[in-house]
Structures are given as structure tokens and as C-alpha cells.
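Reading through the C-alpha cells given below for one structure.
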Amino acid sequence: MDNRFFTQIIFLVFLLFATNTQAQDRTIQGKVTTFENIPLSGVEVQVKSTKQLVKTDTLGRFKVACNVKDKLIFFAHGFNKQKVKLKENTKFVAVNLHLKPGEKGKALAIGYGHVQEEDKLSAISSLRDDNDDFSKYTDMYELIRGRFSGVQIIGDEVIIRGNKTLGSSNAALIVVDGIERDGNVLSILPPNTVKSIDILKDGGSAIYGSRGANGVVLIETKRGDENE
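Under mature numbering (1 follows the signal peptide of the UniProt record, and there is no 0), the residues of the sequence shown are numbered -23 to -1, 1 to 205, in order.
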């Protein structure tokens, strides 16, 4: 009787150990980017439960073992830190880090090697409401025309100088809170509702394919931020 009881205890301990090990051996893969499509290398990815630390490769990819419903913390110089809570069925995590406003953030990102080619970040112009009072502009056309060099407004179209497509419109693609919109959306969007504006051109707009051939105007509103 004693031997049977002892055997059951050993079996239960083994079962609990195996279950715990299986949870800890869960592997998550992912990719870290900025401005939608620029991969970030050397980003620190920390598992909250175990404090394990890995870094992304030159393509922004990473692989890490963690527990079920764990949390991953992402840190890179020049970017805002981000935390991601994992779900039970999570296998792949796509993280987009936001560059800190101002030239210092851009300099740190390049200086620490997170961005492999300097011209990738120089192809992106950015305005953040953290440092700018957009409410002082009467409309979005005035804001864009006054603050972005090399950008023209023709009718309700935004034209990024140097981007020309033969046989079709040269207007930049307008994306508001992740949704592609017509150019006339700028006429009804109050500047004081805007959180940030990014102008993507050259390689920075490649993720949008042919639609972004003439560049992309990315607008994030305060309403969109509240809905996240």
C-alpha cells in the first residue's frame, strides 16, 4: 500500500513539473518595426516573468521562450518603450515602436544602430503634438503647407516634391488612423484633433505598394488613440 501511495505522489509531482516546464518552454516569435515597415535591430526584448533578455536581428526579428499569458517589454534608444501582453494562442508578435519626437530621438536611433540605413529615417518627416500646437492652424492644408518642406497642396491633393508617377495622379496617399482616405478628408479634419502627422516617401512608403508610390501622409488622431 505504501509503495503504491509513494508511486502516485511521484507521478503527480512529475505531472506538475512537466506541465510547468511546458508552459515555460512556449516560444514566441516576432518582428519589431517603426513607421510601419522599417525593421529595428538590436531592440531589447525582455520576458517579464523570467527577466530573460534577447535582441532583434538586422531584420527586426526575435524569438524568445516565455510563459502563457506572459508580458514582453520592448526597449530601444530613441524610441518609446512598449509592453505587450500575450494571450494563450499568441504565436507571433508584431510590434511598432514610436520614435521619440525631435532630432534627438532620430539621432539615438541611428547612433545605437537600431536603424541600419540613415537615409531610411531621413526619408520620413514627422510632426508630433507633444511639441506642436496644431490648433493654431485654420485647416490641415495650412498645417501641411507651412510645416513640411518639399510638400505642395494642389486642390485637395498633397504633392510630395520629387515623387512623380507617369500617366496617373501624383497625389500622396492619405491614411487616417490606419484607414486609407480620399484627399478631401483633409478639408473636414480639424487640426486640433490631430495627434501626429508623418510624411513617408521613397523606401518609407514601400509597404503601401503602388498606392504609396507618390508618398504617404500618415495622420493619427486623438480619437484614434482613445479607441486603441
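Just so it is clear, CB atoms sit at the ideal spot from N, CA and C, and this is done for glycine as well.
In the DSSP assignment, find the alpha helix (DSSP H) that holds residue i and state where it starts and stops.
| i | result |
| --- | --- |
| Leu163 | Val162 to Ile165 |
| Gly123 | Met117 to Arg124 |
Quick check: the Cα distance between residue i and residue j, rounded to an integer number of angstroms?
| i | j | result |
| --- | --- | --- |
| His90 | Thr33 | Note on identity: in this sequence residue 90 is Gly, with His being the wrong assignment. Roughly 11 Å separates the two Cα atoms. |
| Ser26 | Cys43 | 8 Å |
| Gly189 | Tyr118 | 20 Å |
| Lys28 | Val153 | 37 Å |
| Ser164 | Ile156 | 16 Å |
| Pro16 | Lys40 | 15 Å |
| Tyr114 | Gly132 | 18 Å |
| Tyr185 | Ser146 | 16 Å |
| Gly55 | Glu65 | 31 Å |
| His75 | Val24 | 20 Å |
| Leu120 | Glu21 | 36 Å |
| Ser187 | Pro168 | 28 Å |
| Thr4 | Val45 | 10 Å |
| Asp47 | Asn57 | 20 Å |
| Gly37 | Leu195 | 22 Å |
| Leu30 | Asn14 | 24 Å |
Tell me whether residue i sits in a helix, a strand or coil according to DSSP, three-state version.
| i | result |
| --- | --- |
| Phe69 | strand |
| Leu85 | helix |
| Met(-23) | Interpretation of Met(-23) is limited by its pLDDT of 49, a score under 50 that renders its predicted location unreliable; the figure taken from the coordinates is listed afterwards. Reduced to three states, the DSSP call for Met(-23) is coil. |
| Ser173 | strand |
| Ala40 | Ala is not the amino acid found at residue 40; the sequence shown has Lys there. Three-state DSSP puts Lys40 in a strand. |
| Phe111 | helix |
| Gly189 | helix |
| Lys60 | strand |
| Lys199 | helix |
| Ala(-1) | Because Ala(-1) carries a pLDDT of 49, less than 50, the predicted location of this residue cannot be relied on, and no value is offered for it. |
Beta strand (DSSP E) containing residue i: first to last residue?
| i | result |
| --- | --- |
| Leu49 | Lys48 to Phe52 |
| Leu17 | Looking at the DSSP string, Leu17 is not in any beta strand (DSSP E), and its letter there is neither H nor E. |
| Gln129 | Val128 to Ile131 |
| Val152 | Leu150 to Val153 |
| Val135 | Glu134 to Ile137 |
| Lys32 | Leu30 to Lys32 |
From the DSSP output, which residues share a beta bridge with residue i?
| i | result |
| --- | --- |
| Gly7 | Phe39 and Val70 |
| Val24 | Leu49 |
| Val194 | Ile151 and Ile176 |
Original post:
Okay, do the region 40 to 56 and the region 111 to 127 touch, 3+ Cβ pairs below 8 Å being the bar?
Top reply: A contact between stretches requires three or more CB pairs, one per stretch, nearer than 8 Å, and the region 40 to 56 fails this requirement with the region 111 to 127.
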